[in-house]
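> Starting off with a structure, shown below.
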Amino acid sequence: MRGRRISFYCLVTPLKKEAWFLSLMLFLIHVFSFWMKLSSFNSPDTVLFLETSGNTRNATEVQNDRLTPSDSIPVFYNVYTRDLNATSIETSKSIVDEQMDHMKPFHQVHVRFIGTSFAINNTKTIEYDKEGDEFGTLELLHNYCKENPTDTAVYLHNKGSFHPKPENDSLRRFLTRGALSQECANMPEDTCNVCSSRMSPLPHPHTSGNIWVAKCEYIAKLQNPFKFQKQIDSLYPNPFPRESCTGSGRYASEHWVQSHPSIMPCDLSTDKNFTWGYANVPEADFEIDLRPAPRFDYEIYEKLRTCPSHTLHHRLNEYQFLYKENPSLSWWGWKFYENTTKIEGSFLVNTETFHNLYWVELPSSIKRAGTMIGFTQRMWDEKKEWPLLFGKFWKDISEHELNLLNFLGYSEANWKVKLSLSHTAQDETDIIPPSLQKSRAGENISNDSTKTS
1 MRGRRISFYC
11 LVTPLKKEAW
21 FLSLMLFLIH
31 VFSFWMKLSS
41 FNSPDTVLFL
51 ETSGNTRNAT
61 EVQNDRLTPS
71 DSIPVFYNVY
81 TRDLNATSIE
91 TSKSIVDEQM
101 DHMKPFHQVH
111 VRFIGTSFAI
121 NNTKTIEYDK
131 EGDEFGTLEL
141 LHNYCKENPT
151 DTAVYLHNKG
161 SFHPKPENDS
171 LRRFLTRGAL
181 SQECANMPED
191 TCNVCSSRMS
201 PLPHPHTSGN
211 IWVAKCEYIA
221 KLQNPFKFQK
231 QIDSLYPNPF
241 PRESCTGSGR
251 YASEHWVQSH
261 PSIMPCDLST
271 DKNFTWGYAN
281 VPEADFEIDL
291 RPAPRFDYEI
301 YEKLRTCPSH
311 TLHHRLNEYQ
321 FLYKENPSLS
331 WWGWKFYENT
341 TKIEGSFLVN
351 TETFHNLYWV
361 ELPSSIKRAG
371 TMIGFTQRMW
381 DEKKEWPLLF
391 GKFWKDISEH
401 ELNLLNFLGY
411 SEANWKVKLS
421 LSHTAQDETD
431 IIPPSLQKSR
441 AGENISNDST
451 KTS
């Protein structure tokens, strides 16, 4: 009997030990898994946004919302409701329903409500404000991109909720399809970092309607949207003839995403009848063909009756003012402005012409550039005294000043100023480019006098 018990024990015990060992291993695996989840949840990188407006969810739900750059694109959705009456709320909801129908499986929608909030399926509320504008939502996108530079992000808003009208409906549908398209989502990294249905370089770089998708690496280079608005307003304190022509004021929100010299814009529409504004907006089912922008020649974008067109030098000066940077050789503007002769309105950039004009006859852009390097009306008209800048050698002049001088027709080849001429012109031919040494309003310039009547 004793021998049989021993043999039975010897047979069963190894099986019990093996089962015990497997159970222990499974238990340790579960403990380790739970610890990893807990550690990940406590990480500051896990929770993207604070839930507001009563949309509280448990830790697991928030954890599952974390974006994977390879298969998810966040959509920062500015949802504005003008009034708290039923009509305004229904208008906002109908626009939201329309735009949500364009979402792809890879879009994760983060909503900032302004005015009032309401339920939107398959979205997260990231902020609610009783009052506000697009700059606040752009700031949320900007902050996200600085933390996630390898991501791509969409900016979307329910355009038409403030001014419900057919023109806004058409532009919204045109822009929404492009920004939420597969083509923009997969924009080629070597040629595009901002994509929209239409990018226009005039009257300032922008997408009319302000709906687009962009690479976060580029967005992170931009100024904070609120700071940008203040900066651009200070650059154009008296926008001519209106804010929409300079991309300042409330139009700074459209200008912001296109404001850095490293931008590589692409757009989708092949229809040259629509460039900017509200005229001739294509149908929502427009032909999609992603290409670097601007895709048309200068003259296609120009609308002189609406806004005077800015030039290459406006763009370079603006980049310097905002970012202290110049664009690379691949920048879109070099080719676009290459054969351009327009300066402001119908005024031709002909250096032989505007140096022969009196101050009051100059377009405001020339006056502005002249003022920035130290010209006064008397200096310009009399050509007897010169700004201190003219007392420097070309190699000692700053890059920003060189841009202004180039704008006024000067170059290293024709810059032959003497230090003694920094205040009073002894020999005007040392100051004025050779091509400009012509008679002005019946006044002849000679080599041996500053001005001979």
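Once you know that position 331 of the sequence shown is 331 in UniProt numbering, the rest is easy, because the numbers rise by one and skip nothing. Ideal Cβ positions, reconstructed from N, Cα and C, are used throughout, including at glycine.
On the criterion of 16 or more Cβ atoms from any shown chain inside 10 Å, does A413 qualify as buried, or is it exposed?
By 1-based counting over the sequence shown, the position of residue 413 is 413. Exposed, since its Cβ has fewer than 16 Cβ neighbours within 10 Å.
> Closer than 7 Å by C-beta to E299: which residues in its own chain qualify, once you throw out the five before and the five after it? Chain order, please.
Taking the sequence shown and counting its residues from 1, one reaches residue 299 at position 299. Nothing meets the Cβ criterion.
> Are the CB atoms of P387 and I366 within a distance shorter than 8 Å?
Numbered from its first residue, the sequence shown carries residue 366 at position 366. Numbered from its first residue, the sequence shown carries residue 387 at position 387. Against a cut-off of 8 Å, the Cβ pair of P387 and I366 comes out as no contact.
> For my contact list, L222 and W256 are in at a C-beta cut-off of 8 Å; report their separation, rounded to the angstrom.
Working through the sequence shown from its first residue, we reach residue 222 at position 222. Working through the sequence shown from its first residue, we reach residue 256 at position 256. Right, the Cβ-Cβ distance comes to about 7 Å (below 8 Å), so this counts as a contact.
> Considering only DSSP beta bridges, list what H204 is partnered with.
Position 204 of the sequence shown holds residue 204. In the DSSP output, where bridge partners are listed per residue, H204 has none listed.
> Could you tell me the alpha carbon to alpha carbon distance between V79 and P105, rounded to whole angstroms?
Position 79 of the sequence shown, counting from 1, holds the residue named residue 79. Position 105 of the sequence shown, counting from 1, holds the residue named residue 105. Answer to the nearest angstrom: the Cα atoms are 20 Å apart.
> By the three-class DSSP mapping on this structure, what secondary structure does G239 have?
Within the sequence shown, residue 239 is the residue found at index 239, counting from 1. It is Pro, not Gly, that sits at residue 239 in the sequence shown. Residue state, collapsed to three classes: coil.
> Which value, in whole angstroms, describes the spacing of the CA atoms of S411 and S328?
Taking the first residue of the sequence shown as 1, we reach residue 411 at position 411. Taking the first residue of the sequence shown as 1, we reach residue 328 at position 328. Distance between the alpha carbons of S411 and S328 is about 20 Å.
> Taking just the CA atoms, how far does A179 sit from N210?
Position 210 of the sequence shown, counted from the first residue, corresponds to residue 210. Position 179 of the sequence shown, counted from the first residue, corresponds to residue 179. Spanning the two alpha carbons is a distance of roughly 10 Å.
> Using 8 Å as the threshold, is the segment 254 to 271 in touch with the segment 290 to 306, meaning 3 or more CB pairs across them?
They touch, by the three-pair rule.
> Just grab the DSSP bridge partners of N78 for me.
Reading the sequence shown from its first residue, position 78 is the one you call residue 78. Answer is R112, H157, bridged to N78.
> What three-state label does DSSP hand E252 in the structure shown?
For this step, residue 252 is matched to residue 252 along the sequence shown. In the sequence on display, residue 252 carries Ala and not Glu. Of the three classes helix, strand and coil, the one that applies to A252 here is helix, per DSSP.
> If you run the structure through DSSP and keep just helix, strand and coil, what is C192?
On the sequence shown, position 192 is the one that residue 192 refers to. Coil at C192, not helix or strand.
> How long is the line joining the alpha carbons of F375 and H142, rounded to whole angstroms?
Within the sequence shown, numbered from 1, the residue matching residue 375 stands at position 375. Within the sequence shown, numbered from 1, the residue matching residue 142 stands at position 142. Between F375 and H142, the C-alpha separation is close to 39 Å.
> Could you tell me the boundaries of the beta strand (DSSP E) in which S269 lies?
Against the sequence shown, residue 269 aligns to sequence position 269. Taken as a continuous stretch (DSSP letters only), the beta strand (DSSP E) holding S269 covers 265 to 269.
> For V213, report the span of its beta strand (DSSP E) as first-last.
Taking the first residue of the sequence shown as position 1, residue 213 is located at position 213. Taken as a continuous stretch (DSSP letters only), the beta strand (DSSP E) holding V213 covers 212 to 215.
> On a CA-only basis, which of H400, W276, Q258, R250 is nearest K324? Give me that one, please.
Within the sequence shown, residue 324 is the residue found at index 324, counting from 1. The candidate whose alpha carbon is nearest that of K324 is H400.
> Can you pull the DSSP bridge partners for K395?
Position 395 of the sequence shown holds residue 395. K395 pairs with nothing; no bridge assigned.
> Quick one: measure Cβ to Cβ for A284 and R173, integer angstroms, because I've assumed they're closer than 8 Å.
Counting from 1 along the sequence shown, the entry for residue 284 is found at position 284. Counting from 1 along the sequence shown, the entry for residue 173 is found at position 173. Contact holds; Cβ gap of about 4 Å.
> Measuring CB to CB, does L138 end up less than 8 Å from E127?
Numbered from 1 along the sequence shown, position 138 holds the residue referred to as residue 138. Numbered from 1 along the sequence shown, position 127 holds the residue referred to as residue 127. No, Cβ-Cβ distance for L138 and E127 is not below 8 Å.
> Comparing C-alpha positions only, which one of P237, E189, E361, A369 sits nearest to T152?
Looking up residue 152 in the sequence shown gives position 152. The candidate whose alpha carbon is nearest that of T152 is E189.
> With a CB to CB cut of under 6 Å and the five nearest residues on each side skipped, what residues in its chain are close to D233?
Locating residue 233 in the sequence shown gives position 233, counting from the first residue. So the qualifying residues of the chain are S248.
> Starting from the C-beta of Q229, find all residues in its chain whose C-beta is less than 6 Å away, skip the five residues before and the five after it, and write them out in chain order.
Stepping through the sequence shown from its first residue, residue 229 is reached at position 229. Counting only Cβ-Cβ distances below 6 Å, and skipping sequence neighbours, we find A252.
> Regarding G160 and the ligand MG, is the C-beta to nearest heavy atom distance less than 7 Å?
The ligand content of the structure shown is nil, which means the ligand MG is not present either.
> Quick check on DSSP: helix, strand or coil for F321?
Residue numbering aside, residue 321 sits at position 321 when the sequence shown is read from its first letter. DSSP places F321 in helix when its eight states are reduced to three.
> Check the DSSP bridge columns for P292 and list the partner residues they point to.
In the sequence shown, residue 292 corresponds to position 292, counting from 1. DSSP, once it has assigned bridges, lists C266 as partnering P292.
> Where does the unbroken beta strand (DSSP E) through Y358 begin, and where does it stop?
Within the sequence shown, numbered from 1, the residue matching residue 358 stands at position 358. Note, Y358: premise wrong, no beta strand (DSSP E); not H, not E.
> From H314 to P164, what does the alpha carbon distance come to, in whole angstroms?
In the sequence shown, residue 314 corresponds to position 314, counting from 1. In the sequence shown, residue 164 corresponds to position 164, counting from 1. Taking the straight line joining both Cα atoms gives about 35 Å.
> Among F393, W212, L202, which has the Cα closest to the Cα of C195?
Start at 1 with the first residue of the sequence shown, and residue 195 comes out as number 195. Among F393, W212, L202, the Cα nearest to that of C195 belongs to W212.
> Determine the burial state of Y358: buried for a count of at least 16 other Cβ atoms within 10 Å of its Cβ, exposed for fewer.
Working through the sequence shown from its first residue, we reach residue 358 at position 358. By the neighbour-count rule (16 or more Cβ atoms within 10 Å), Y358 is not buried but exposed.
> In the DSSP assignment, what are the bridge partners of T125?
To locate residue 125, count along the sequence shown from 1; it is residue 125. According to DSSP, T125 bridges with V111.
> Suppose you measure from the CA of N186 to the CA of K395; what does that come to, to the nearest Å?
The residue given as residue 186 occupies position 186 in the sequence shown. The residue given as residue 395 occupies position 395 in the sequence shown. If you take the alpha carbons of N186 and K395, they lie about 45 Å apart.
> Could you compute how far the alpha carbon of T116 sits from the alpha carbon of P225?
Residue mapping note: residue 116 aligns to position 116 of the sequence shown, counting from 1. Residue mapping note: residue 225 aligns to position 225 of the sequence shown, counting from 1. Approximately 23 Å between the Cα atoms of the pair.
> Quick one: give me the first and last residue of the alpha helix (DSSP H) that H142 is part of.
Translated into positions along the sequence shown, residue 142 becomes position 142. Run containing H142: 134 to 147, per the alpha helix (DSSP H) assignment.
> Thinking C-alpha only, which one of P239, P74, V75, C245 is nearest P205?
Residue mapping note: residue 205 aligns to position 205 of the sequence shown, counting from 1. The shortest Cα separation from P205 among P239, P74, V75, C245 belongs to C245.
> Give me the DSSP bridge partner(s) of I73.
Taking the sequence shown and counting its residues from 1, the one referred to as residue 73 is at position 73. DSSP, once it has assigned bridges, lists H107 as partnering I73.
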